[in-house]
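Colleague: Provided herewith is a single structure, encoded as structure tokens, for subsequent inquiry.
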Amino acid sequence: MGINSESDIEANLQIGPTTLGMVRIYLEGNGIDLPLDFDPEEAEEIAEELRAAAAAARKMGKKGKG
């Protein structure tokens, strides 16, 4: 499965700080419990990547509508 592959898998995503000063992305789905801990600097890098991907997706969406 790649980034452009659609899926029928449902999952819940939670993001928040831990008591140890880490940022946790917690993914829960059918038979999956996946906690991913990042230091704050890594979390900020991930946030920047998400923003860049959102901006690129917006541009792609505008091209598809035009």
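FYI, in this note's numbering the residues of the sequence shown are 3 to 68. Ideal placement from N, C-alpha and C gives every residue a C-beta, glycine not left out. None of the values given here were measured: they were computed from a predicted structure.
Might you give, ordered along the chain, the residues of its own chain that have their beta carbon closer than 6 Å to the beta carbon of I27, omitting 5 neighbours on each side?
Modeller: The answer, listed in chain order, is I17, L38.
Colleague: Spatial neighbours of I48 within its chain, please: CB distance less than 7 Å, with the 5 preceding and 5 following residues excluded, ordered by chain position.
Modeller: Within the same chain, I48 has close Cβ partners F40.
Colleague: Helix, strand or coil: how does DSSP classify L22 here?
Modeller: Coil, per DSSP.
Colleague: Out of curiosity, what's the CA-to-CA distance linking A58 and A45?
Modeller: Rounded to the nearest angstrom, the two C-alpha atoms are 20 Å apart.
Colleague: Can you round the beta-carbon distance between I11 and G31 to whole angstroms, since I take them to be within the 8 Å contact cut?
Modeller: Contact flag correct, Cβ pair sits at about 6 Å.
Colleague: Go ahead and pull the three-state DSSP assignment for E12.
Modeller: Reduced to three states, the DSSP call for E12 is coil.
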